[in-house]
Amino acid sequence: MLAILRLGDDAYGVTIRAEISKRAGRQTASGALYTTLDRLEEKGCVMSRMGDPRPERGGRAKRFYTVTAMGLASVTEAQRAFRSLLQGLPIFGESNA
Amino acid sequence: MPKDAVAEWLLSLFTAPDKAAAIVGDLSEQGRGTWPNYLCMAASLVVRSAALRPVRLLLSIPLGWSVFFGVGYYLDRITSSGGLWTTILASIVAGLVIGLFDRGQELPACLAMAVTLLAFFLYVAIAFPLLYILGPATFVWSAIHPPFLIVSTGMLMRKLRPVH
Chain A
39 MLAILRLGDD AYGVTIRAEI SKRAGRQTAS GALYTTLDRL EEKGCVMSRM GDPRPERGGR
99 AKRFYTVTAM GLASVTEAQR AFRSLLQGLP IFGESNA
Chain B
66 MPKDAVAEWL LSLFTAPDKA AAIVGDLSEQ GRGTWPNYLC MAASLVVRSA ALRPVRLLLS
126 IPLGWSVFFG VGYYLDRITS SGGLWTTILA SIVAGLVIGL FDRGQELPAC LAMAVTLLAF
186 FLYVAIAFPL LYILGPATFV WSAIHPPFLI VSTGMLMRKL RPVH
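Sequences listed follow chains A and B, in order.
For the first sequence, the positions run 39 to 135 when this note's numbering is used.
For the second sequence, the positions run 66 to 229 when this note's numbering is used.
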């Protein structure tokens, strides 16, 4: 969802995968990516729309994703939980107090 | 490209047709439109589909077995001949019943049933000397055609009732 947020209007399968690879430094399996996007869409965290068919894609359209308000709330909550768990842990050379 | 069209058709058995087209387009754009990638994608979609309602999927296996052997036994009794048509009809009816029982994931349910049936036939081949009695060609045909027909019925049901 963070990758989709970063990409804005250009978030589709290829760019999402590339963004995760660039930021996280690891390749995502295509199967895992699309099934995760499907699951997030079912939960209402993201929504998708079809773009226009493109010749370089064999006449197939892109499926663009955007994060919904519910998705944004989930990201915020996960971030809050992550910070809370980090708090007080003496890692990264500081106390995270 | 025919390969991409076939891959799109294959993926559309497990997800919505427009999603299947977008996935194939994405893989083509990345230069990753190869059969191993398409098959991995199809496997991921099968697992995802199966994980949606695992209990129903598991229940569809014994149901399929009961229907397959029940219908087969009944047809054997009324026709008192058995043979090819019995297993063909029993396989199709089993596929139909599984598909109706597990609406929305007809194909994963039929695939699961077909895999267990194939495993059963392999067990029989190993445990009993059927291979020698029937001959390898007849045995392979006997083992392959019921699972194939069950999966084909699941495919047909999926195509008649596409995912949205």
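Backbone N, C-alpha and C define an ideal beta-carbon position, used for all residues, glycine too.
Whole angstroms are fine: how far does the CA of residue j sit from the CA of residue i?
| i | j | result |
| --- | --- | --- |
| residue 165 of chain B | residue 189 of chain B | 29 angstroms |
| residue 98 of chain A | residue 110 of chain A | 29 angstroms |
| residue 123 of chain A | residue 107 of chain A | 24 angstroms |
| residue 242 of chain B | residue 154 of chain B | Outside the shown range of chain B (66 to 229) lies residue 242 of chain B, about which nothing can therefore be said. |
| residue 222 of chain B | residue 216 of chain B | 10 angstroms |
| residue 204 of chain B | residue 161 of chain B | 25 angstroms |
| residue 73 of chain A | residue 100 of chain B | 19 angstroms |
| residue 52 of chain A | residue 105 of chain B | 17 angstroms |
| residue 83 of chain B | residue 104 of chain A | 17 angstroms |
| residue 89 of chain A | residue 50 of chain A | 10 angstroms |
| residue 144 of chain B | residue 218 of chain B | 24 angstroms |
| residue 115 of chain B | residue 122 of chain B | 7 angstroms |
| residue 206 of chain B | residue 186 of chain B | 11 angstroms |
| residue 111 of chain B | residue 73 of chain B | 15 angstroms |
With H, G and I counted as helix, E and B as strand and the rest as coil, what does DSSP make of residue i?
| i | result |
| --- | --- |
| residue 178 of chain B | helix |
| residue 148 of chain B | coil |
| residue 108 of chain A | helix |
| residue 77 of chain B | coil |
| residue 90 of chain A | strand |
| residue 139 of chain A | Residue numbering for chain A in the displayed model covers 39 to 135; residue 139 of chain A lies beyond these limits and cannot be assessed. |
| residue 220 of chain B | helix |
| residue 39 of chain A | coil |
| residue 50 of chain A | coil |
At least one CB of chain B closer than 8 angstroms to the CB of residue i: is that the case?
| i | result |
| --- | --- |
| residue 60 of chain A | no |
| residue 100 of chain A | yes |
| residue 121 of chain A | no |
| residue 85 of chain A | no |
| residue 50 of chain A | yes |
| residue 104 of chain A | no |
| residue 39 of chain A | no |
| residue 114 of chain A | no |
| residue 108 of chain A | no |
Along chain A, in chain order, which residues have C-beta atoms closer than 9 angstroms to that of residue i?
| i | result |
| --- | --- |
| residue 202 of chain B | Here the premise fails: no neighbours, minimum Cβ distance about 36 angstroms. |
Which bits of chain B does residue i rub up against, with CB to CB less than 9 angstroms?
| i | result |
| --- | --- |
| residue 76 of chain A | 80, 84, 110, 113 |
Quick one: what's got a C-beta closer than 7 angstroms to residue i's C-beta in the same chain, skipping five residues either side?
| i | result |
| --- | --- |
| residue 220 of chain B | 78, 172 |
| residue 131 of chain B | none |
| residue 183 of chain B | 208, 212 |
Should residue i be flagged as near chain A, meaning a C-beta pair shorter than 8 angstroms?
| i | result |
| --- | --- |
| residue 93 of chain B | yes |
| residue 87 of chain B | yes |
Might you give, ordered along the chain, the residues of its own chain that have their beta carbon closer than 6 angstroms to the beta carbon of residue i, omitting 5 neighbours on each side?
| i | result |
| --- | --- |
| residue 112 of chain A | 83 |
| residue 126 of chain B | 177, 178, 181 |
Please list, in chain order, the chain A residues whose beta carbon lies closer than 8 angstroms to that of residue i.
| i | result |
| --- | --- |
| residue 105 of chain B | 67, 68, 69 |
Which chain B residues sit within Cβ distance under 8 angstroms of residue i?
| i | result |
| --- | --- |
| residue 96 of chain A | 66, 69, 89, 90, 93 |
Spatial neighbours of residue i within its chain, please: CB distance less than 8 angstroms, with the 5 preceding and 5 following residues excluded, ordered by chain position.
| i | result |
| --- | --- |
| residue 54 of chain A | 41, 42, 45, 71, 75, 103 |
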